[in-house]
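Some notes on the structure that comes next.
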Amino acid sequence: MYASRNPSNKLYTNIDDVLARFPQSAREGMTDGALHLRFDGREPCQILVQRGIARVVLGGEGSARATVNCSSDAFLELVSDRVEFRTLIQSGKLAIEGDLLFAYGIYSLLLKSNEEAAEQFRAVDTMARGAPLQEVPRVQRPTREQILDTLARNTPLIATGMMRDWRALAWTPERIADEYGDTSVVVEQQVTIPMREFIARMNETPSGGEKPAYVNGCPLPESMYPDVQPPPWFPHHEIRPPQLWMGAPAGDRPSTYLHRDGAPVFLGQVYGRKRVVLFCPDQTPYMYSAAIVRNSELIDPDHFDRDRYPLLARAFRTECIIEPGDILVLPVGWYHCVWALTPNISIAHAYGEDSAWSRS
Ligand SMILES: O=C(O)CCC(=O)C(=O)O
């Protein structure tokens, strides 16, 4: 889950405002290129990144690294952080051609909630802490007070014994294919395919050393809601809708690249095992945090360009393995990178007042 929540009063209402406030610098690590934006009935425009400077140019001529087609309403909701990229893709309201990572990098620059997230990150980056966390504690059936305390202290934990009521604990890829085979999932935040087809792909070895496809944070199809439970420590309306993370292992490559979130995340492991590498927010001076966007090279803390990112080698890391029945409680701002150790399925819930659960 990459987005932070944005209270509903902070909505962009006009595309020209969004483009006018476009930052005149790209993120560190963002490579050059053009993103073409095509809205219904409007003149196309492009965002050009050249030698670290980004600017908006009217007209969509020339070659694009990525092209985004969507309605103006969908775009405004997206950059206001009212809806996520993948939700729009799943519903067919937004389509991206070309380099998705580049498009995602530009999107993260435009997000309205960036300033709020930056504020939250600053607070956790600089808070007073004890000794570095050597190991993520495993806590059997933590109470609400324990969870509130762990979030207040901004320290992760693994809650065990809390998923007993989840029907999803009986999921296997084959069962999902049988029961939910016709349901659509978004793969790599880009392509929508039937679940059955994705699961067939999970069992194939990709050709030419390609990374196996991963369902990375696709909104969980509503037909599957009865099988999962929101984190039990909060009223349902305080929890955002569930996201599905699922796929086959990619050898020593991460399934989910290094990033951090602006809201606490509860990652429930349903099937298979995952390795998670974590960096505390106080390691930010070593994290090149502006570069941790989807088109940066700094996506895998086990393999990175040491000449370009020499400080990362100094960052203190904590590792854990999560197994079925574990909920990894990740407070705001903890950098994390995830490797599938086996074919696996997880459900993430983020804390945020914008819930599908409250409608049900
Ligand atoms: O399970 C995964 O692969 C990643 C989950 C994650 O990064 C998140 O929910 O923020």
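No gaps in the numbering here: position 50 of the sequence shown is 50 in UniProt numbering, and each next residue is one more. The beta-carbon is built from N, C-alpha and C at its ideal position, and this holds for glycine as well. Remember, it's a predicted structure, so these values are computed and weren't measured experimentally.
Given residue i, which residues of its chain have a CB within under 6 Å of its CB, disregarding the five upstream and five downstream residues?
i	result
residue 76	12
residue 328	158, 267, 322
residue 359	Residue confidence for residue 359 is low, a pLDDT of 31 falling below 50, so the modelled location carries little weight; the figure read from the coordinates is stated next. Same-chain partners within the cutoff: there are none.
residue 320	136, 276
residue 19	56
Given residue i, which residues of its chain have a CB within under 7 Å of its CB, disregarding the five upstream and five downstream residues?
i	result
residue 86	186, 189, 217, 218, 219
residue 168	227, 228, 270, 347
residue 181	194, 195, 196
For residue i, list the residues DSSP reports as bridge partners.
i	result
residue 107	Per DSSP, none; premise fails for residue 107.
residue 55	48
residue 95	69
residue 243	219, 348
residue 278	318, 336
residue 256	338
residue 80	None; residue 80 has no bridge partner.
Answer yes or no: do residue i and residue j have a C-beta to C-beta separation smaller than 8 Å?
i	j	result
residue 274	residue 250	no
residue 64	residue 50	no
residue 160	residue 140	yes
residue 42	residue 69	no
residue 177	residue 196	yes
residue 340	residue 248	yes
residue 102	residue 33	yes
residue 343	residue 202	yes
residue 94	residue 66	no
Less than 8 Å between the CB atoms is what I'm expecting for residue i and residue j, so what's the real figure, rounded?
i	j	result
residue 171	residue 270	6 Å
residue 316	residue 280	7 Å
residue 332	residue 124	5 Å
residue 338	residue 254	6 Å
residue 198	residue 215	6 Å
residue 263	residue 335	Not quite, the Cβ-Cβ distance comes to about 15 Å (not below 8 Å), so this is no contact.
May I ask whether a heavy atom of ligand 1 can be found less than 7 Å away from the beta carbon of residue i?
i	result
residue 318	no
residue 236	no
residue 303	no
residue 348	yes
residue 342	no
residue 333	no
residue 262	no
residue 111	no
Spell out whether any CB of chain C is found under 8 Å from the CB atom of residue i.
i	result
residue 198	The structure shown contains no chain C, having only a single protein chain.
By Cβ distance below 8 Å, which residues in the same chain neighbour residue i in space, the five residues on each side in sequence not counted?
i	result
residue 389	There is no way to answer for residue 389, as the model of the chain reaches only from 1 to 360.
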